[in-house]
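Sequential numbering from 80 applies to the sequence shown in the numbering used here. Glycine is no exception: its CB is placed at the ideal position from the N, C-alpha and C atoms. In this text the structure is predicted, and so the values were computed from the model without any measurement. Below is one structure, written out as structure tokens; the observations come after it.
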Amino acid sequence: MAERIEVLLTEEEVDKRIQEIGDQISNDYAGKQIHLVCVLKGGSFFMCELAKRITVPVSLDFMSVSSYGGDTKSSGVVRIVKDLDESLKDKHVIVVEDIVDSGRTLSYLLDMLRSRGAADVRLCTLLDKPDRRVVDVKVDYTGFEIPDEFVVGYGLDYDQKYRNLPYIGMVKFD
Numbered sequence: 080m081a082e083r084i085e086v087l088l089t090e091e092e093v094d095k096r097i098q099e100i101g102d103q104i105s106n107d108y109a110g111k112q113i114h115l116v117c118v119l120k121g122g123s124f125f126m127c128e129l130a131k132r133i134t135v136p137v138s139l140d141f142m143s144v145s146s147y148g149g150d151t152k153s154s155g156v157v158r159i160v161k162d163l164d165e166s167l168k169d170k171h172v173i174v175v176e177d178i179v180d181s182g183r184t185l186s187y188l189l190d191m192l193r194s195r196g197a198a199d200v201r202l203c204t205l206l207d208k209p210d211r212r213v214v215d216v217k218v219d220y221t222g223f224e225i226p227d228e229f230v231v232g233y234g235l236d237y238d239q240k241y242r243n244l245p246y247i248g249m250v251k252f253d
């Protein structure tokens, strides 16, 4: 079964919206420094582009979590694969994700990061699928709400392919 990619959001639409989010974060944190925490791997493309558009001082860190194990369905048990390199004590933290789906992993992750003494913790996602939410997660900055489709590009992959697409596409199977 071959797959094909249909454009959902063009490169221009994505770039424009990332600029708007960068402007909003810069205004919300005027006079402060923020600490962006990227959830690997998919969030890296979005975080790099977002950081370039934020005008207040920014520091970056990365973490990797898994709730899937060897399955395609979340187990609900979150395992930290790579933890942060820096303390969050008294920092203004924005967790940067490529997509918010069920909310299970992010709910756990946000609670854990808040317990580490951050001044505040907010969530920023490029894509949000509210129809798939099973755990209520507050998203502070959203790029786009999208339908329940399997999407790739801008860091999102299908079997480790298509992460490097400069747009968001839907995977269709023929």
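Beta carbon of residue i nearer than 8 Å to that of residue j
i: residue 122; j: residue 232; result: no
i: residue 247; j: residue 203; result: no
i: residue 164; j: residue 140; result: yes
i: residue 118; j: residue 142; result: yes
i: residue 135; j: residue 113; result: yes
i: residue 181; j: residue 211; result: yes
i: residue 179; j: residue 162; result: no
i: residue 144; j: residue 158; result: yes
i: residue 169; j: residue 198; result: yes
i: residue 81; j: residue 253; result: yes
i: residue 129; j: residue 225; result: no
6 Å Cβ shell around residue i - same chain, five flanking residues per side excluded
i: residue 124; result: 233 and 234
i: residue 229; result: 250
i: residue 83; result: 251
Status (buried if at least 16 other CB within 10 Å, exposed otherwise) for residue i
i: residue 95; result: exposed
i: residue 201; result: buried
i: residue 244; result: buried
i: residue 111; result: exposed
i: residue 177; result: buried
i: residue 156; result: exposed
i: residue 222; result: buried
i: residue 131; result: exposed
i: residue 214; result: exposed
i: residue 160; result: exposed
Beta-carbon proximity list for residue i, same chain, < 8 Å, skipping 5 on both sides
i: residue 85; result: 248, 249 and 251
i: residue 126; result: 115, 117, 139 and 175
Contacts around residue i, its chain only, beta-carbon distance under 7 Å, and the 5 residues preceding and following it disregarded
i: residue 93; result: 233, 246 and 247
Are the region 207-227 and the region 236-243 touching, with three or more C-beta to C-beta distances below 8 Å? no
Could you say if the region 96-104 and the region 182-192 meet the contact criterion of at least three C-beta pairs nearer than 8 Å? no
So within the region 137-217, which uninterrupted alpha helix (DSSP H) runs reach at least 4 residues, ignoring any that extend past its ends? 183-193
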